[in-house]
Amino acid sequence: MKYHIALLKGDGIGPEITESAAAVLNAVGERYAHEFCFTPYLIGGCAIDAAGEPLPEETVKGCLASDSVLLGAVGGPKWDDLPGSRRPEKALLGIRSALGLYTNLRPAKLFPALRGASPLREEIVSSGFDILIVRELTGGIYFGERGYRTGKYGEEAFDTEAYSVTEIERIGHAAFRAAMQRNKRLVSVDKANVLETSRLWRSIMHRLSEAYPEVQYSDLFVDNAAMQLVRNPKQFDVIVTSNMFGDILSDEASQITGSIGMLASASLGDSKCGMYEPIHGSAPDIAGKNLANPIAMVLSAAMMLRYSFGMTAEPDCIEQAVDRVLERGIRTADLIGNTEIRPVSCTEMTAQILSEITSS
Ligand code: IPM
Ligand code: MG
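Sequential numbering from 540 applies to the sequence shown in the numbering used here.
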């Protein structure tokens with residue numbers, strides 16, 4: 540079968556890591572007789588440079604017409620001084636919203652081979668952890684009313700958070716369904732002791748929990764959740780939370796796995812077409828130097844095969860290839876910590892993953 544994939548390389552290390560992911564998909568296609576056709580579109584800073592805007596209409600149309608979207612990363616110092624509405628990051632929010640991708644799945648799993656790279660003490664991570672953060676992606680303070688006005692102390696800026704019943708229900712169902720397919724434990728994270736949106740969020744999650752009696756449901760305030768993640772990450776299975784809290788907690792969860800360079804994500808809506816991207820950024824400091832860790836991007840491609848194309852053996856094959864490469868001690872620079880290991884380049888890491896895929 541033929542799959543049409545919109546390839547949004549973006550900025551910084553984006554082009555390097557998307558090239559790795561495309562190579563991995565081609566190898567998997569060869570092995571399992573699928574054809575993946577990639578069509579590149581501009582997004583972020585490179586789109587500002589080439590087309591004068593971070594999210595050209597052609598990119599949105601191309602993504603909407605594709606079977607799925609792979610995205611590298613956007614942003615960089617070159618575009619940091621632009622006004623908010625014209626920054627590369629705006630394109631990311633724009634494309635998430637245009638494609639209706641309200642569910643963001645961010646798995647944070649400790650790879651046994653990388654246990655030593657986790658900043659947490661050995662006794663905390665010795666038995667591993669495997670968390671899925673379900674982040675609401677198209678609502679909340681990221682998309683609320685904002686602006687400048689005159690306030691009590693003169694000129695001020697403001698951002699507002701709004702959540703509708705519908706938005707909370709649909710992300711809640713997505714999270715309960717995810718929990719049903721995993722270890723059937725769900726924690727909803729909010730700030731219901733302070734925020735009105737959180738109080739509505741919590742009451743709806745409680746109501747939904749009655750429809751999923753097998754799921755062991757609880758809620759936590761976000762400050763407590765941030766603390767519990769480093770105190771005892773193993774207590775978590777699935778976490779569901781708002782756009783902003785999910786942004787923050789997913790960076791925290793990624794770092795305790797050893798490197799943010801390992802974590803993939805899937806953004807899904809009501810159709811099969813999703814967007815798959817690493818949770819790390821464009822890393823401008825190492826861009827173009829062949830130093831980036833392509834694993835988060837490669838694992839994002841595996842998530843695409845699983846969630847958008849309904850495959851199982853193929854994403855398993857990619858994930859096992861990554862596991863074996865790590866077991867063999869192969870590390871990009873972000874993964875070596877203060878060991879004596881000689882790091883490999885982005886292309887070398889990719890070549891090692893490819894050889895595991897073709898030889899296994
Ligand atoms: C992420 C990123 C983005 C976000 C930025 C780049 C807009 O941090 O995907 O986590 O905040 O959603
Ligand atoms: Mg983030």
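Idealized CB from N, CA, C, for every residue including glycine.
* Helix, strand or coil for residue 869, going by three-state DSSP, please let me know. => coil
* Asked: What are the start and end residues of the alpha helix (DSSP H) that includes residue 600?
  -> 596–604
* Asked: In the region 566–633, which residue ranges form an unbroken alpha helix (DSSP H) of at least 4 residues, counting only runs that do not cross its ends?
  -> 584–590, 596–604
* Report all residues from its chain with a CB closer than 7 Å to the CB of residue 656; omit the five preceding and five following residues, and keep chain order. => 797, 798, 874, 876
* **First through last residue of the alpha helix (DSSP H) which encompasses residue 763** => 761–770
* Asked: When every heavy atom of the ligand IPM is checked, does at least one fall within less than 7 Å of the C-beta of residue 550?
  -> no
* Note down the Cα distance separating residue 568 from residue 834, rounded to an integer number of angstroms. => 18 Å
* In DSSP terms, what residue 544 is bridged to -> 577, 607
* Nearest-residue set for the ligand MG, Cβ under 7 Å from any heavy atom -> 786, 789, 790, 818
* Is the CB-CB distance between residue 838 and residue 872 below 8 Å? -> no
* With distances taken from CA atoms, which of 588, 793, 841 is nearest residue 659? -> 793
* Asked: So what does DSSP say about residue 756, is it helix, strand or coil?
  -> strand
* **Bounding residues of the alpha helix (DSSP H) (the contiguous stretch that carries residue 782)** => 782–794
* To do: Please go through the same chain and pick out, in chain order, the residues whose beta-carbon is closer than 6 Å to the beta-carbon of residue 842, but skip the five residues on each side of it.
  => 803, 805, 815
* Asked: Ordered along the chain, which non-local residues of its own chain (more than five positions away) have a Cβ less than 7 Å from that of residue 633?
  -> 594
* residue 759 Cβ short of 7 Å to the ligand IPM heavy atom set -> no
* Would you decide whether residue 572 is buried or exposed? Buried here means 16 or more other CB atoms lie within 10 Å of its CB. => exposed
* **Residue from 853, 881, 769 whose Cα sits closest to the Cα of residue 563** => 853
* To do: Excluding the 5 residues preceding and the 5 following residue 636 in the sequence, name in chain order all residues of the same chain whose CB lies nearer than 8 Å to its CB.
  => 677, 682
* Do residue 778 and residue 726 come within 8 Å of each other at the CB atom, strictly closer than that value? -> yes
* **Closer than 7 Å: residue 628 CB and nearest the ligand IPM heavy atom** => yes
* Asked: Just to check, is the beta-carbon of residue 631 closer than 7 Å to a non-hydrogen atom of the ligand IPM?
  -> yes
* CB-CB length for residue 614 against residue 584, believed under 8 Å -> 6 Å
* To do: May I have the straight-line CA-CA distance separating residue 879 from residue 867, to the nearest angstrom?
  => 15 Å
* Among 589, 706, 624, which one has its Cα closest to the Cα of residue 550? -> 589
* Within this structure, are the beta carbons of residue 893 and residue 561 separated by less than 8 Å? -> no
* By how many angstroms is the C-alpha of residue 751 removed from the C-alpha of residue 544? -> 35 Å
* Asked: Going by Cα to Cα distance, which pick from 711, 772, 728 is closest to residue 748?
  -> 711
* Pull up the DSSP beta-bridge partners for residue 778, would you. => 672, 726
* Asked: In whole angstroms, what separates the C-alpha of residue 760 from that of residue 859?
  -> 36 Å
* **With 16 other Cβ atoms within 10 Å as the buried cut-off, status of residue 731** => buried
* Relative to the ligand IPM, is the shortest distance from any of its heavy atoms to the C-beta of residue 614 smaller than 7 Å? -> yes
* To do: Confirm, please, whether the CB-CB distance from residue 709 to residue 785 is below 8 Å.
  => no
* With DSSP as the reference, label residue 692 as helix, strand or coil. => coil
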